[in-house]
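Since the structure comes first, as structure tokens, the remarks are kept for the end.
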Amino acid sequence: MPLFKTEKKAPRGPAGHFHVVVTEDMCKACGFCLAVCPVDVFAWRAAPNRLGWFAMYTAKEANCIGCMLCYQICPDFCIDVSAKA
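Count along the sequence shown starting at 1, add 1, and that's the number in this note's numbering.
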């Protein structure tokens, strides 16, 4: 089973119960989070961050199912996923 999938599925289950925060000033725009996310939470920024990279941002937080794959794969520890209170 491939880790990176090009097709995204519609969120189901606990979708919308999580906060997803990307620290964009640390993001080097590797795109791993975008590639590994099964429900299309992330997107590319149109403008560069302070490092000059076109960082990722949380485009559709309501889609997040809390799988934590983005958190685990981010090489720069830029992503935090937490349950909404």
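Ideal Cβ placement from N, Cα and C applies to all residues, glycine included.
Residue interval of the beta strand (DSSP E) (run including residue i)
i	result
Phe19	19 to 23
Ile80	80 to 84
Cutoff 7 Å; reference residue i; Cβ partners in own chain excluding five residues on either side
i	result
Asp41	Lys9, Lys61, Asn64
Cys34	Phe43, Met57, Cys71, Ile74, Cys75, Ile80
Close-in-space but distant-in-sequence residues of the same chain around residue i (CB under 6 Å, 5 per side omitted)
i	result
Cys28	Ala56, Met57, Cys79
Arg51	Asp26
Val82	Phe19, Val21, Met69, Tyr72
Arg46	Phe55, Ala56, Tyr58
Terminal residues of the alpha helix (DSSP H) in which residue i lies
i	result
Val37	33 to 37
Leu70	70 to 74
Counterpart residues of residue i in DSSP-defined beta bridges
i	result
Ala44	Tyr58
Helix, strand or coil at residue i according to DSSP, with G and I counted as helix
i	result
Ala63	helix
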